[in-house]
Every structure is written in structure tokens, then in C-alpha cells.
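J.: Line order of the protein sequences matches chains V and U. So in the working numbering, spot 152 of the first sequence is number 156, and the numbers just go up one at a time. So in the working numbering, spot 79 of the second sequence is number 83, and the numbers just go up one at a time. By construction, the Cβ of each residue, glycine as well, lies at the ideal position given by its N, Cα and C atoms. Questions regarding the structure given below will be posed in turn.
2 protein chains.
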Amino acid sequence: MSAPPILVVGSVALDDIRTPFGEVSEAFGGSAAYFSLAARVFAPVRMVAVVGNDLPAEHLDDLQAQGVDTRGVEVADGLTFRWGGEYGYDLNARKTLFTHLNVFESFHPSVPAAFRRSPYVFLGNIHPALQAEVLEQVEDPVLVALDTMNLWIETARSELLQVLGSVDLLILNDSEARELAGEPNLVRAGRGLLELGPSCVVIKKGEHGALMLGESSMFCSPAVPLEQVCDPTGAGDAFAGGLVGHLAASGDLSDDAMRRAIAYGTVLASYTVEDFGVAGLRDVERADIEKRYRELRLLTQFGVEDPVQKTHA
Amino acid sequence: MSAPPILVVGSVALDDIRTPFGEVSEAFGGSAAYFSLAARVFAPVRMVAVVGNDLPAEHLDDLQAQGVDTRGVEVADGLTFRWGGEYGYDLNARKTLFTHLNVFESFHPSVPAAFRRSPYVFLGNIHPALQAEVLEQVEDPVLVALDTMNLWIETARSELLQVLGSVDLLILNDSEARELAGEPNLVRAGRGLLELGPSCVVIKKGEHGALMLGESSMFCSPAVPLEQVCDPTGAGDAFAGGLVGHLAASGDLSDDAMRRAIAYGTVLASYTVEDFGVAGLRDVERADIEKRYRELRLLTQFGVEDPVQKTHA
């Protein structure tokens, strides 16, 4: 593949997940894992993360086999980050049962020399000071995208605002957008976030899709309406992976390209939620993705023609 | 206007509404009022309803002035239906403070002879037995649309199922769709509702837009993203009014026409929520509606081209 590479930094975790449709324990996950498995469909992915020496070797082997370069994954003495969560029938609301940072607690991302010239960079939702450390190690990126979470908005706001000054694309969910902007109206919140540095803000709304705000453009995508949703964990990271992956592959950062990239992100997220953990992303093929992209387009298109003018003028 | 007329039956009410942005008392409202003020933009509207002799004359005069034929509005001895409701910052969730049915309690809709040949019929969310009474009085309609509510799903299910057998288009909100179908997944709920009679189901999701399911088609529209939402009361009825109004005006019931009609319904709903009560609908002009329709289209469109194939094949 000749698409330019994407550098991702984020968490790698072992997750315990319970939904009304089943449960899994010690499932491979984390924001960097979901992002990578979605983005690698479109472009080579370089991962920077930390794992404990308890992580079964198969997980990183599997990533390698899927085209993810894991030379930036540090294996530290100790246990891998663990997260446990539970969902009810309202899969848009989740309850965190436990978070054990383990080796993640003292993580300082080190970008291997071979990764430093990565034109596309995705800063997963780690502490903003660590996101800034990564940016300092990267040379002349074309596009820097950043995700964050309520925890950092509340506990590391000034560091977050500082790193946002160097970010092109901010991807975050609706409650985070409202909290960071201090504004309940989502459109006004998005406009407020644009003033913090990024030239584009993408607000994820879970099953209700995504809203993009640019300096002079707005775009809405629904989520793919699915008959079977199994586990929403990682959908937002897979969305970001599909989005940034497609931007890298197209080499186009225009408004039209951003819309298409959001639609591809939406498609990758839809595969994620159809199975537990990363299972839904593992076997998805390019032809399936293109088919679902066309279905999403059919789902949202309507004509400009106004037949009223014709028949009753 | 040469568009064929629409018959609407539903409630006319005086509403007390409180939102974080203000409050109004004894505001003119009710499902038939909102529906009519939206539909009359596209087609002549004939209203069947009941009011008390306390209703200030200006309200019906105003409807007449806007092109709504109110000859089917019965003025009964007693008080007009009154409803009180309150919204918090989550405008998608509302709390009913009181419901005084008053003259509505003993209402039996009588369709004037001049209204009986109405090609388009909208049965607002009154008791399904009354909806059936209206249908019995109408001759050969082209399209019958029906809205309902949780109260009737819970207390008059068999009557509702019976009238649904004579309905072409079912318009209801997401919680109603889930409850009527007995299915939490919205796509499966929609498919279940298609089996009850209607050839098309439109599920309203408030600020999250609408989902249409036909026998072989699905369409998603977002709501118009607004910087100022004032009062969501009546938005669902205005949505139905814009939708059915545009279908009547276009004389086209194809899948493409249904998509356009849903987009027009979405636009009318957006004007409704920008002000209290029916005020947002009163002054809206056709040119404004067409402009916002084009904006909604721009908001949702994305290309089929996949530049990845071109640049990296």
C-alpha cells in the first residue's frame, strides 16, 4: 500500500465487558488497538503504546499480521492496563466498573526514530501532557488529530488547551464537547472549540452519528442503523481510525474529503459494534466496507428537485 | 394553490410551557394546530377538532387567515383542552405537569360533508377509536397518515392495531415505536411496525432526526442543527405537517418523494423549536423554507467517489 503512514498513540488494554447480549473477559482493546485495526484498512499504522509483560503475545502478533507496526509498543514490567465496563439496553450509556492503569500510570511515550516522520498523527485520549510529548517527537506532520475525555477536561484543562493549539482535527464525543466548551448547545459548543485551535471539530454522538464543524462548513452523518448491536466499546476509536485512515489514503483534506472520511469512520464503527471487543474489526474486508459506505450514502441522500414547483406552479 | 387538500384531526389546546429559555401560559397549541400551520405552507388544510367556548376567537381567526379551513372545528360548551409541560436543558426529555382534557373528553369527530373527499388524511394522536371514526367518514383517500402516543399503545392497543390496518404511513416517536413493536432495536421495531399494515413507517427521534423504513428502503435525516432551541413543543406535529403537506403538494408517493417530504418536515420542525408555541411557524415564508431545505441537503451530502482508488491504486 502506498498511502502515507499514520502514527497513533493511545491505550492498549485488556477489557472486561458486559452487555445485555453477552460478556467477555480480558478482551484485547484500548483506544490505540481499535484505532489501528480500523485505520490499517486504508493506510500503514505505527503504534506507540505501553503494555505489561502479562499481555498474551498473540495480541501484538495479531496486530502485526494486520499490518500494524508495533515497534513503538513498549513492554514494561508489570500488568497491562485493565478496564471493566457494563452497558444496559441503552447502549449509548455505559458504566465503568473498574479502571486499573497499571503500567499505563508511569507511561511516557517514546516515538521510535523510524516513526518520527509520520505525516498523519492521532493522539488517542491519554493525558494531554503525554499527547504534547508525542507531538514534540514528530517532524512536520501534515495532520494532527486528537481525542480526549472528560477526565482530562476536568483535571488537566490547561495542558489540554495548550496541546489543542497544535491540533488540526479535534474528535470527541458530545458530552466532552459540551463540557470542554462550557456550552450545552452542540452547534455553539462546536464553534467554541474551533476557537481553541483546530480547524475542524468532529463531535461523536454514538448511535446518533456525528457532527462535523469546519470554519465555514457543517456536516451531519447518522450512524449506520443496525439490527444487531452487540458491544459499543471502541466504536469511537474505530470511527477515528476509519476517518484519519481515509484522510491519509486520499491525501485530500478538503471539506468533501472530510465528509467522505467521516462516512468511512461511521462504517468502521458500525462493524465494531456488531461483535464484542475488536472481533468485529478483525475480519472486515475492503469490499464489505465499500458496500456499507454505498448503503450509508443511499440512506442519507435526498433530491434537490422540488416537484411542487413543477406540478402546482 | 392547486395542491389537493389535507384533512387533519387532532387536538387544539391551550398550553403552559416552561423551558430553560422562558415560559408561556395559555399558548395556542395542540397537535392539529401545529400540523396545520406547517402543512398549509404546501397545501390547503381542513381541520376537524373540538374547542371550548373559552378559546379566544383570535386563534381560529388566525388559522383561517393562514389558509386553514376551520369549518370542522366544533365549539363545545366547556373549557378547551389544556396541557402543561416543562423541559430541562435536555430538551429531548419533557415532564408533563398537567393534562385537562375538558371538552376533548367527550369529543366525537364529525367530518363536514365538504371535507369528506379529502385525498390526504392525517390522524393526529387522539384515541384510535376516534381515528377510526374519522376514517369511516372519509371517501377514498389517496394517503392516510397516523400518529399515536404511549397512552394509546398502553390502554387501547387492540383499537390501535385495528386502525393501523387502514393506514399507509405511520409517524411516531422512537419510544412509541419501541413500545408498540415490543422491540428495543429501532430498525427491528420499524420492520415489525411495517407488518401491522402501513407501507411506510417514519420514526421521529427529536433532536436526533428521523428514520424512515419502507418495504425495501431506509432513509435517515438529522434534525437541523440549531444554535438556538427555545421550545420543542409541537415539533413532531409540525414535522408531520411538513411531511404530509409536501407529499400532497408533489402528488408523488415514491421513495424519492418521501425522502424529500421528510426533509421538508425536518425544516418545518426546526422553525417550530426556535420560538415558543406556534410562534416560530407563524411567520415562516416559503423562501426561508426552501433555503433551509437546501442547507439541510448540504449538511448531509457526501460523495460516492473514492479518491483512494485514484491516488494509491
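1) Give me the DSSP bridge partner(s) of H104 (chain U).
2) Can you have a look at T315 (chain V) and say buried or exposed, based on whether 16 or more other CB atoms are within 10 angstroms of its CB?
3) What in chain A is Cβ-close to H131 (chain U), meaning under 8 Å?
4) Going along the chain, which residues of the segment 287–309 of chain V sit with their C-beta nearer than 9 Å to a C-beta in chain U?
5) At 8 Å on the CB atoms, spell out the chain V contacts of N96 (chain U), in chain order.
6) Does the beta carbon of C224 (chain V) sit closer than 8 Å to a beta carbon anywhere in chain U?
7) Label E109 (chain V) either buried or exposed according to how many other C-beta atoms from any shown protein chain fall within 10 Å of its C-beta, with 16 as the threshold for buried.
8) What do you get for D279 (chain U), buried or exposed, if any count of 16 or more other CB atoms within 10 angstroms of its CB means buried?
9) Using a beta-carbon distance cut-off of less than 7 Å, what residues from the segment 117–131 of chain U approach chain V?
10) Grouping DSSP H, G and I as helix and E and B as strand, with all else coil, what is E27 (chain U)?
11) Locate the alpha helix (DSSP H) running through F69 (chain U), then write down its first and last residues.
12) Which term fits Q232 (chain V), buried or exposed, when burial requires 16 or more other beta carbons within 10 angstroms of its beta carbon?
13) Could I get the ranges of all uninterrupted alpha helix (DSSP H) runs contained in the segment 269–306 of chain V, with 4 residues as the minimum, in chain order?
14) Where does V15 (chain U) fall in DSSP's three states?
15) With DSSP as the reference, label L176 (chain V) as helix, strand or coil.
16) Can you give, in chain order, each stretch of the alpha helix (DSSP H) that sits fully within the segment 120–173 of chain V and has at least 4 residues?
17) Within the 8 Å Cβ cut-off, does D58 (chain V) reach chain U?
18) Starting from the beta carbon of D279 (chain U), find every residue of chain V whose beta carbon is closer than 8 Å, and list them in chain order.
19) Could you check where the beta strand (DSSP E) with A53 (chain U) kicks off and where it finishes?
20) By alpha-carbon positions, which one of U:V271, U:H250 and U:S225 ends up nearest to V206 (chain U)?
21) Hey, could you find the ends of the beta strand (DSSP E) D73 (chain U) is sitting in?
22) Please work out which residues of its chain come closer than 8 Å, Cβ to Cβ, to L64 (chain U), disregarding the five sequence neighbours upstream and downstream, and give them in chain order.
23) Name the two residues that bound the continuous alpha helix (DSSP H) containing V248 (chain V).
24) Tell me, please, which residues DSSP counts as bridged to G33 (chain V).
25) Which residue from U:R192, U:L134 and U:A267 puts its Cα closest to that of E219 (chain U)?
26) Going along chain U in order, which residues have a C-beta closer than 7 Å to the C-beta of A267 (chain V)?
27) Mind checking whether S217 (chain V) and L247 (chain V) have CB atoms under 8 Å apart?
28) Is DSSP giving Y91 (chain U) helix, strand or coil here?
29) To the nearest angstrom, report how far apart D259 (chain U) and A265 (chain U) are at their CA atoms.
30) With distances taken from CA atoms, which of V:F306, V:P188, V:R120 and V:A283 is nearest F223 (chain U)?
31) So G89 (chain V) and L101 (chain V) are supposed to be a Cβ contact under 8 Å. How far apart are they, rounded?
32) By the 10 Å Cβ neighbour count, where 16 or more other Cβ atoms means buried, how is T23 (chain V) classified, buried or exposed?
33) To which residues of the same chain is T276 (chain V) closer than 6 Å at the C-beta, ignoring the five residues directly before and after it?
34) Taking the beta carbon of A97 (chain U) as the centre, do at least 16 other beta carbons fall within 10 Å, making it buried, or is it exposed?
35) If you drop the 5 nearest sequence neighbours on each side, which residues of the same chain put their C-beta closer than 6 Å to that of L215 (chain U)?
36) Do S35 (chain V) and S15 (chain V) have their CB atoms nearer than 8 Å?
T.: Taking the structure as given:
1) Here residue 104 (chain U) refers to the residue found at position 100 when the second sequence is read from its first residue. Partner(s): U:R86.
2) Counting from 1 along the first sequence, the entry for residue 315 (chain V) is found at position 311. Note on T315 (chain V): pLDDT 45, under 50, position unreliable in the model; no value is reported.
3) Of the protein chains in the structure, V and U, none is chain A.
4) E294, Y297, R298, E299, L300, R301, L302, L303, T304, Q305, F306, G307, V308 and E309
5) Locating residue 96 (chain U) in the second sequence gives position 92, where the first residue counts as 1. In chain order: nothing, as chain V lies at least about 10 Å away.
6) Mapped onto the first sequence, residue 224 (chain V) falls at position 220. So, interface residue.
7) The residue labelled residue 109 (chain V) in the question sits at position 105 within the first sequence. With fewer than 16 Cβ atoms within 10 Å of its Cβ, E109 (chain V) is classed as exposed.
8) Locating residue 279 (chain U) in the second sequence gives position 275, where the first residue counts as 1. It counts as buried.
9) none
10) Working through the second sequence from its first residue, we reach residue 27 (chain U) at position 23. Judged by DSSP in its simplified three-state form, E27 (chain U) adopts strand.
11) To locate residue 69 (chain U), count along the second sequence from 1; it is residue 65. The sequence as given places Ala at residue 69 (chain U); Phe does not occur at that position. Its alpha helix (DSSP H) spans residues A61 to A69.
12) Mapped onto the first sequence, residue 232 (chain V) falls at position 228. Answer is exposed; the Cβ neighbour count stays below 16.
13) 283–286 and 290–304
14) Position 11 of the second sequence, counted from the first residue, corresponds to residue 15 (chain U). Inspection of the sequence shows that residue 15 (chain U) is occupied by Ser rather than by Val. DSSP places S15 (chain U) in coil when its eight states are reduced to three.
15) Position 172 of the first sequence, counted from the first residue, corresponds to residue 176 (chain V). It is a strand residue.
16) 132–141, 154–159 and 161–168
17) On the first sequence, residue 58 (chain V) is found 54 positions in, with the first residue counted as 1. For D58 (chain V), the answer is no, since every Cβ of chain U falls outside 8 Å of its Cβ.
18) Taking the second sequence and counting its residues from 1, one reaches residue 279 (chain U) at position 275. In chain order: nothing, as chain V lies at least about 16 Å away.
19) Locating residue 53 (chain U) in the second sequence gives position 49, where the first residue counts as 1. Residues V49 to G56.
20) Position 202 of the second sequence, counted from the start, is the residue given in the question as residue 206 (chain U). With distances taken between Cα atoms, V206 (chain U) lies closest to U:S225.
21) Here residue 73 (chain U) refers to the residue found at position 69 of the second sequence. Unbroken beta strand (DSSP E) run through D73 (chain U): V72 to A80.
22) Position 60 of the second sequence, counted from the first residue, corresponds to residue 64 (chain U). For L64 (chain U), the CB contacts under 8 Å within the same chain, skipping 5 residues up- and downstream, are V55, T74 and V77 in chain order.
23) Position 244 of the first sequence, counting from 1, holds the residue named residue 248 (chain V). Counting along the chain, V248 (chain V) sits inside the alpha helix (DSSP H) bounded by residues A239 to S254.
24) As a first step, residue 33 (chain V) must be located in the first sequence, where it is residue number 29. The bridge partners DSSP lists for G33 (chain V) are V:A17.
25) For the purposes of this step, residue 219 (chain U) is taken as residue 215 along the second sequence, with counting starting at 1. Comparing Cα positions, the closest option is U:R192.
26) Taking the first residue of the first sequence as position 1, residue 267 (chain V) is located at position 263. The contacting residues are F306.
27) Sequence index remark: in the first sequence, residue 217 (chain V) carries index 213 (1-based). Sequence index remark: in the first sequence, residue 247 (chain V) carries index 243 (1-based). According to the sequence as given, residue 217 (chain V) is Leu; it is not Ser. In this structure, L247 (chain V) does not lie closer than 8 Å to L217 (chain V) by Cβ.
28) Locating residue 91 (chain U) in the second sequence gives position 87, counting from the first residue. In the three-state reduction of the DSSP assignment, Y91 (chain U) falls in the strand class, which pools E and B.
29) Within the second sequence, residue 259 (chain U) is the residue found at index 255, counting from 1. Within the second sequence, residue 265 (chain U) is the residue found at index 261, counting from 1. In this structure, the CA atom of D259 (chain U) is about 10 Å from the CA atom of A265 (chain U).
30) Here the question's residue 223 (chain U) lines up with position 219 in the second sequence. Of the candidates V:F306, V:P188, V:R120 and V:A283, the residue whose Cα lies closest to the Cα of F223 (chain U) is V:F306.
31) The sequence position of residue 89 (chain V) within the first sequence is 85, counting from 1. The sequence position of residue 101 (chain V) within the first sequence is 97, counting from 1. Between L101 (chain V) and G89 (chain V) the Cβ distance is about 6 Å, and since that is below 8 Å, they are a contact.
32) As a working mapping, residue 23 (chain V) is identified with position 19 in the first sequence. Buried: at least 16 other Cβ atoms inside 10 Å.
33) As a working mapping, residue 276 (chain V) is identified with position 272 in the first sequence. Result list for T276 (chain V): G238, A239, A242, G284 and L285, in chain order.
34) Residue numbering aside, residue 97 (chain U) sits at position 93 when the second sequence is read from its first letter. Counting the other CB atoms within 10 Å of its CB gives A97 (chain U) a total below 16, which places it among the exposed residues.
35) Translated into the one-based positions of the second sequence, residue 215 (chain U) becomes position 211. Once the five neighbours on either side are set aside, the close Cβ partners of L215 (chain U) are I207 and C224.
36) Walking along the first sequence from the start, residue 35 (chain V) turns up at place 31. Walking along the first sequence from the start, residue 15 (chain V) turns up at place 11. Going by C-beta atoms, S35 (chain V) is nearer than 8 Å to S15 (chain V).
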